[in-house]
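J.:
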DNA sequence: CCAAGAAGTGAACCACTATTCATACCTTGA
DNA sequence: TCAAGGTATGAATAGTGGTTCACTTCTTGG
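Shown next as structure tokens:
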């Protein structure tokens, strides 16, 4: 054999792969999942349809990778928020605020990640997405329970419930454009945690 | 003209329509949305494919009608639970319990109604579904706030959040089969409402 | 019984897209 | 430069499943 894949070629291939993912993100953010057809992605990435399949075995894998990438980004942002100083309750509120603020800044993308109908393989990634958020919140709750600022509770359940609550409350604003009653989320969150500063009777 | 649609014919058509809806419910409950193809529905209903279109302008409309019917049933059950004696908090818990118990009894159906990917037109019905639940809960919360057993709050937001929380917590058990930590939902609900008997600090 | 007209049928049609693959074009090391 | 082998292409393919429509069957009132 004479041909060997050199770093130069590898770099070109990597950048093509990145271009495909970028185009897909862009399409997901502007037209939603429906606009993310393989042909459209390829066109926007400046490659041929077939080239997409040199990097991803199927469309589902492409979108799953997409989700993974976006989710990592979001989870990192939320984790940063979770590490700010303050009580466990305050930290969970910070997570919720960060989550909501970022979602409202990129509504179409957020809707796609949160709720838009997708094929089953991609749905699996969405579950990972939600679980990652849940885990970030659950970790804070566990801390709060340990240091006594939160009442004893099943941290994963409360955390899952808060994720669901936030997602549910956001879906209206995300699809309609208005901010709705998102501003009340912190109070709800504190109450749901059983935090002492939540104004409970 | 000689032909007129008589009550007898109308009755036959009505029962055919009902048969189609029944078959669709059955398929939705056993194979999920994916198993609900028009051909399969027609076959199970014992009619021709084309006959489906004599009753529904499109598959989306058929499924939307299906959703409407199922949602009405569920909302009625939940409303009954909401009218049992007790404090506002207890009533909301009764709603949540009823919702969860019924969902666990028909997991595939519940998953289809709650979370399974569907086309956009059907998604609209799902939103109606969730809003109906929200409204039932919000009404109890408003009562509780008025009679002082619950702290002042935006009832619709708390209600939406509780719906989202319940849905989120249920999705795991619904897809995996196990009951998970659903048993903790009442405590969470009471806490989220800010009810006095929730064991808050 | 019959003509008018409606209801019922289901195979064929069609739109939509993910996927393939024969072909053209590049890259490499000798 | 050249042969070997890889990479890129995009038109064609294929599977899916909703929808149609020419045709058959049934119903009605005279």
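Residue numbers (my numbering), protein chains in the order written: chain A, 1 to 201; chain B, 202 to 402.
Note that CB positions come from ideal geometry on N, CA and C, so glycine has one too.
Every value quoted in this text rests on a predicted model; they were computed, and no experiment measured them.
#1: Say the cut is 7 Å; is the CB of residue 286(B) nearer than that to a heavy atom of the ligand MN?
#2: Output yes or no for whether 8 Å exceeds the beta carbon distance between residue 242(B) and residue 219(B).
#3: Do residue 305(B) and residue 330(B) have their beta-carbon atoms positioned less than 8 Å apart in this structure?
#4: Quick one: grab the DSSP three-state call for residue 56(A).
#5: My parser needs the alpha helix (DSSP H) runs of 4 or more residues fully inside the stretch 239-318 of chain B; what are they?
#6: Is there a C-beta anywhere in chain A that falls below 8 Å from the one on residue 298(B)?
#7: Name the two residues that bound the continuous alpha helix (DSSP H) containing residue 288(A).
#8: Are the CB atoms of residue 64(A) and residue 122(A) nearer to each other than 8 Å?
#9: What residue range does the alpha helix (DSSP H) around residue 156(A) cover?
#10: How many Å lie between residue 225(A) and residue 119(A) at the Cα?
#11: Kindly indicate which three-state DSSP category residue 351(B) falls into: helix, strand or coil?
#12: Give the residues of chain B in contact with residue 186(A), contact being defined as C-beta atoms less than 8 Å apart.
#13: Residue 10(A) to residue 69(A), Cα distance in whole Å?
#14: If you follow the alpha helix (DSSP H) that residue 235(B) is part of, which residue opens it and which one closes it?
#15: Out of curiosity, what's the CA-to-CA distance linking residue 294(B) and residue 337(B)?
#16: Report yes or no: do three or more beta-carbon pairs, one from the stretch 276-294 of chain B and one from the stretch 250-261 of chain B, lie closer than 8 Å?
#17: Between residue 76(A) and chain B, is the shortest Cβ-Cβ distance under 8 Å, so that the two count as touching?
T.: The structure says:
#1: Within the structure as shown, the ligand MN is missing, as the structure has no ligands at all.
#2: no
#3: no
#4: coil
#5: 239-246, 250-253, 260-283, 289-306 and 308-315
#6: no
#7: Not covered by the structure: residue 288(A). The range shown for chain A is 1 to 201.
#8: yes
#9: 155-176
#10: Residue 225(A) is absent from the structure shown; chain A starts at 1 and stops at 201.
#11: coil
#12: Correct list: empty, because the minimum Cβ distance to chain B is about 11 Å.
#13: 21 Å
#14: Counting along the chain, residue 235(B) falls outside any alpha helix (DSSP H), and DSSP gives it neither H nor E.
#15: 12 Å
#16: no
#17: no
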